[in-house]
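One structure below.
Protein chains: 2
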Amino acid sequence: MLKKERQAYILHQVSLHNSVLSADLSHAINVSEDTIRRDLNELADDGKLIKVHGGALSKSFNSFYLRSDVYNVDNKKRIAEKAVSMIKDGMFVITGGGTTIIEMARLLPEDLKATFFTGSIPAAYEYSQHPNIELIFIGDKIAKKSQIAVGGEAINRIRHIKADLCFLGINAIDIQHGVTDNDWDIVQVKKAMIESASQTAVMSISEKLNTTQRVRVCGISEIDVLITELEQDAPQLHPFREAGLPIL
Amino acid sequence: MLKKERQAYILHQVSLHNSVLSADLSHAINVSEDTIRRDLNELADDGKLIKVHGGALSKSFNSFYLRSDVYNVDNKKRIAEKAVSMIKDGMFVITGGGTTIIEMARLLPEDLKATFFTGSIPAAYEYSQHPNIELIFIGDKIAKKSQIAVGGEAINRIRHIKADLCFLGINAIDIQHGVTDNDWDIVQVKKAMIESASQTAVMSISEKLNTTQRVRVCGISEIDVLITELEQDAPQLHPFREAGLPIL
DNA sequence: TAAATATCTGCCAGAATTTGCAGCTTTTTA
DNA sequence: TAAAAAGCTGCAAATTCTGGCAGATATTTA
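Which chain is which? The protein sequence lines are A and B, in order.
Going by this note's numbering, 38 is the number at position 23 of the first sequence; the sequence numbering is gapless.
Going by this note's numbering, 57 is the number at position 42 of the second sequence; the sequence numbering is gapless.
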């Protein structure tokens, strides 16, 4: 096998699998690992791939996770837009925290008059910037990681609220296990919020669909709407629609 | 799986869920927790995430609040320093809002362990950035102008607190009329805070000495310390000291 | 065509990296 | 305040990397 051929093969494998191991290549082409290494070094010098200890990575791989932040912001904005469309003048809305909620808070139309409840400091900050929104903060001990109020006091207060809508950014959702999260305290708060509202909308980027975490928030049946960045008829959403969950 | 791949996966998970546990990652990728920890340390060194006990947090999540220019920062810093010196480990401290309080929050020493109560969103944000401070937010309707909780619920909660220290930034102080302010709702909250604490310190730049506003908060006698940017023996402070008000 | 030259490939020894483990310290939690 | 969980350090084994060397192969030149 010619050197050129070999390198072409390597590039093909890299673009196919996003990553390759020197040992695998050596075995597949039947040349020594040294040769593979030299090839990888050359290809890396030419900027065709990224060499790392033990093998190589595709170039697009790197930009994938670097860009995923920005990429996700766009998706979250799309979700936020859909969520905002559910809110009408005069409503009582209760929301959690998280980046998607923050995006939603920023997109609320100037002339919307509504009352918002939240226990999240960043979300509260955004709501308080809005000219026509009345904001009620649900206080208690603030969880450091998420800057959101947790604990019995907060849950008690939430129980006394009768909201029209509840918006929750969620960490994982799955047909079988429903909505799950990884922080016990925050889950308690979310549960209370769901119970206190007549309608609950959960917001999630599609990447979180069909994933699970450790603590269960609620079953699919307790949710009224699922909001993702996808079109309503996207195939990933089929199982959820079939489970009777309305999609926005 | 290559090291870089693993780290990319970790970053992806962090940006997706805002936080991850070492144990979960170790289980998901099938490597030892030591390896995960080392990865997290490397990523944290590169500033890609924030490492915490048991896992890591997303970096982008926390930074929403822009430090805006405040009037008279230097003087307020000087006041804040004096205020900080009053706080000891283990104390329960209740504070209002305002720029002076914010400065104080930023100056709290890293190793101070104390519990803070506040109803101010910006102040809460600052406290929540501190590693060793336990923060309890006193929730209720948020007053737009000052981003602070006001109303019966808040006052009720404050009544149930027994704090060691109360810090208030004040708008006006005068020998005859005591501490005065211009917002009725906020004054109610401040009154409750003063009552709930065994010691009250009021903080004011010297400009506000000998001025009055429309609503009375409390008389000079109810204050335990007055903190200004001036030296203790500054002539402007004489009348206050003579009225029996300790000066810091 | 034969010799000279350049390139490629495999092998090797020592250096470097990575990883899991054991023992010990620190932090968290009940 | 003590048990449990997580973190850190140093070590050892395994893997990978580096540069040099030698033989094989390809290319050029006399």
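Glycine residues also receive a C-beta, built at the ideal position from the N, C-alpha and C atoms.
All figures in this text were calculated on a predicted structure; none of them were measured in a lab.
Self-check item: the stretch 239-246 of chain A touching the stretch 210-220 of chain A, judged by at least three CB pairs closer than 8 Å
Solution: Three or more beta-carbon pairs separated by less than 8 Å link the stretch 239-246 of chain A to the stretch 210-220 of chain A, which places the two stretches in contact.
| query | In its own chain, which residues sit with a C-beta less than 6 Å from the C-beta of E48/A, not counting the 5 before and 5 after it? | reply | Same-chain partners within the cutoff: S37 and S41.
Let's test the definition: count the other Cβ atoms within 10 Å of the Cβ of E141/B and tell me whether it reaches 16, buried, or not, exposed. Flag for E141/B reads buried.
Quiz prompt | Nearest candidate by alpha-carbon position, reference S73/B, set I238/B, Y86/B, N90/B and L55/B | solution = Residue L55/B is the option with its Cα nearest to S73/B.
* Asked: Which whole runs of the alpha helix (DSSP H) in the stretch 65-151 of chain A are 4 residues long or more, in chain order?
  -> Runs of the alpha helix (DSSP H) inside the stretch 65-151 of chain A: 74-99, 114-122 and 136-143.
What does a CB cutoff of less than 7 Å around I65/A pick up in its chain, not counting 5 residues either side in sequence? Cβ neighbours of I65/A beyond the five flanking positions: A59, A71, L72, K74 and N77.
| query | Would you say E125/A faces chain B, with C-beta separation under 8 Å as the test? | reply | False, the Cβ-Cβ gap to chain B never drops below 8 Å.
H175/A versus L183/A - alpha carbon distance = For H175/A and L183/A, the distance between alpha carbons rounds to 18 Å.
At what residue ranges does the stretch 149-189 of chain B contain a whole run of the alpha helix (DSSP H), taking only runs of 4 or more? For the stretch 149-189 of chain B, the full-length alpha helix (DSSP H) segments reaching 4 residues or more read 167-174 along the chain.
V202/A: first and last residue of the uninterrupted alpha helix (DSSP H) it sits in: Run containing V202/A: W199 to S211, per the alpha helix (DSSP H) assignment.
Give a yes or no on whether the minimum CB-CB distance between I153/B and chain A is below 8 Å.
It does: the Cβ of I153/B has a partner Cβ on chain A nearer than 8 Å.
### Near-chain A residues of the stretch 30-44 of chain B (beta-carbon distance less than 9 Å), N- to C-terminal order
Against chain A - using a Cβ distance shorter than 9 Å - the residues of the stretch 30-44 of chain B are S30, L31, H32, N33, S34, V35, L36 and D39.
message: Suppose the cutoff is 7 Å on Cβ atoms and the five residues either side in sequence are ignored; what does the same chain contact list for H192/B look like?
response: Only T227 and R231 meet the Cβ criterion.
Inset, instruction - Give every residue of the same chain whose Cβ lies closer than 6 Å to the Cβ of E125/B, excluding the five residues on either side of it in the sequence, and list them in chain order. - result: No residues qualify anywhere along the chain.
C-beta neighbour in chain B for E149/A, strict 8 Å | Yes, contact with chain B.
- Query: By the criterion of Cβ-Cβ separation under 9 Å, what are the contact partners of Q172/B in chain A?
  - Reply: First, the amino acid is wrong: residue 172/B is Arg here, not Gln. The CB of R172/B comes closer than 9 Å to the CB of G154 and E168 in chain A, given here in chain order.
Quick check: the stretch 163-179 of chain B against the stretch 203-211 of chain B, are there 3 or more CB pairs under 8 Å?
Using a C-beta cut-off of 8 Å, the stretch 163-179 of chain B makes contact with the stretch 203-211 of chain B, since at least three inter-stretch Cβ pairs fall below that distance.
So if DSSP puts R52/A in a beta bridge, which residue, or which two residues, is it bridged to? DSSP, once it has assigned bridges, lists no residue as partnering R52/A.
By Cβ distance, which residues of its chain are closer than 6 Å to E149/B, with the 5 residues on each side in sequence left out?
The beta carbon of E149/B sits closer than 6 Å to those of T130, all from its chain and outside the five residues before and after it, given in chain order.
Original post:
Do K18/B and V35/A have their C-beta atoms closer together than 8 Å?
Top reply: Not closer than 8 Å, so no.
Practice item. Name, in chain order, the residues that DSSP records as bridge partners for Q214/A. Key: DSSP lists L180/A as partners of Q214/A.
Kindly list the residues whose CB is nearer than 7 Å to the CB of Q247/B, restricted to its own chain and excluding five residues on each side of it in sequence; keep chain order. I262, listed in sequence order.
| Among all the DSSP beta bridges, which residues are the ones paired with T195/A? | For T195/A, which the question treats as bridged, DSSP gives the partners A187/A and R231/A.
*asked:* So that I know if they touch, is there some Cβ in chain A lying closer than 8 Å to that of K177/B?
replied: No, K177/B lies away from the interface with chain A (no Cβ there is under 8 Å from its Cβ).
Would K91/A and T115/A qualify as a contact pair, given that the criterion is a beta-carbon distance under 8 Å? Taking 8 Å as the Cβ cut-off, K91/A and T115/A qualify as a contacting pair.
Rounded to the nearest angstrom, how far is the Cβ of G113/B from that of V204/B, given a contact under 8 Å? Rounded to whole angstroms, the Cβ separation of G113/B and V204/B is 12 Å, and the two are not in contact under 8 Å.
Taking only the alpha-carbon atoms, compute the straight-line gap between M106/B and L180/B and give it to the nearest angstrom.
The straight-line gap from Cα to Cα measures roughly 8 Å.
Against chain B, with Cβ distances strictly below 8 Å, would L72/A count as a contact? At least one C-beta of chain B is nearer than 8 Å to the C-beta of L72/A.
Check: How should S236/B be labelled, buried or exposed, when 16 other C-beta atoms within 10 angstroms of its C-beta is the threshold for buried?
Finding: S236/B is classed as exposed because its beta carbon has fewer than 16 other beta carbons within 10 Å across all chains shown.
- Query: Quick one: does the C-beta of T114/B sit closer than 7 Å to a heavy atom of the ligand GDP?
  - Reply: In terms of ligand content, the structure shown is empty, and the ligand GDP therefore cannot be addressed.
Suppose you measure from the CA of L224/B to the CA of R53/B; what does that come to, to the nearest Å? About 55 Å.
request  = Could you tell me the boundaries of the beta strand (DSSP E) in which S34/A lies?
outcome  = S34/A: member of the beta strand (DSSP E) spanning S34 to L36, first to last residue.
Compare the C-beta of I262/B with all C-beta atoms of chain A and state if any pair is closer than 8 Å.
-> It does not; no Cβ of chain A falls within 8 Å.
List, in chain order, every chain A residue whose beta-carbon is nearer than 8 Å to that of A164/B. Those are F152 and G154, listed as they occur along chain A.
Min CB distance A139/B to chain A below 8 Å:
Chain A contact via Cβ: present.
- May I ask you to report which of helix, strand or coil DSSP gives I25/B? In this structure, I25/B counts as helix in the three-state DSSP scheme.
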